[in-house]
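Colleague: Handing you a structure now.
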Amino acid sequence: MPKWALVAIGVVVGIIVIAWSVVGGTYNKLVGLEESVKESWAQVQNVYQRRLDLIPNLVETVRGYAAHEKETLEGVVEARSKAASIQATPELVNNPQAMANFEAAQESLSSALSRLMVVVERYPDLKANQNFLTLQTQLEGTENRIAVERMRFNEASRQFNTAVRTFPTNLIAGLYGFSAKAYFQAAAGAEKAPVVSF
């Protein structure tokens, strides 16, 4: 075999190895970023589940003090039920409409909890009850955790989406079916400051 043929074979093999490592490295990077999005989403689910688990205890504690506030309590229970009925699977991040429905259910639950806290203000004995204070602190902490985990999820989604859209990674992403992930969006009207009056 002539020397030039061996050189040509070596060059072709070298190009194949380099291309393979670039494609493989890019694919592995995308897989890692996608797993980060899934991990962040799992943590969002975790804190939402924590909130759902705390609500029945909160409702029962308030019910003992404010039995005639039945409508508010039923609203919280109904909103919790709706929020729990939406399966927050990892695939949800790939479907912007399903993500919007999930967020709407969570926003409805947050609103119902806010109305419940207004009711609580009317009952000084309830506000002094240790069980209620503990639950209220747990819910406040959970709401803070939800905000932090949403932010982390959006950061992971941004990193993934940037990689998916950046050349030449976008070629590999398109080849293997990677697509942009949905972000958490603020609820409608969230940009307006609430009016507080005493």
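One gets the numbering used here by counting positions in the sequence shown from 1 and adding 5 to each. Glycine residues also receive a C-beta, built at the ideal position from the N, C-alpha and C atoms. The structure presented is a predicted model; accordingly, all values stated were derived computationally and were not measured.
(1) As a quick exercise: from Ser-116, Asp-58, Phe-158 and Phe-189, pick the residue whose alpha carbon is nearest that of Ala-41.
(2) On a Cα-Cα basis, can you pick out the residue from Arg-155, Ala-185, Gly-146 and Glu-148 that is closest to Gln-219?
(3) Among the candidates Phe-189, Ala-168, Thr-77 and Gly-69, whose CA atom is the shortest distance from the CA of Val-36?
(4) When burial is assigned at 16 or more other CB atoms within 10 Å of the CB, is Phe-107 buried or exposed?
(5) Would you give the residue range spanned by the alpha helix (DSSP H) that Arg-2 belongs to?
(6) Does the beta-carbon of Met-156 have 16 or more other beta-carbons within 10 angstroms, so that it is buried, or is it exposed?
(7) Hey, could you find the ends of the alpha helix (DSSP H) Tyr-181 is sitting in?
(8) Counting only the same chain and skipping the five closest in sequence on each side, list residues whose C-beta sits under 6 Å from that of Tyr-188.
Modeller: Answer, in terms of the structure:
(1) Per the sequence shown, the amino acid found at residue 41 is Ser instead of Ala. The option with the nearest alpha carbon to Ser-41 is Phe-158.
(2) This structure leaves residue 219 out entirely; the chain is present only between 6 and 203.
(3) Ala-168
(4) buried
(5) This structure cannot speak to residue 2, because the chain is shown only from 6 to 203.
(6) exposed
(7) 174-181
(8) Asn-159 and Ser-162
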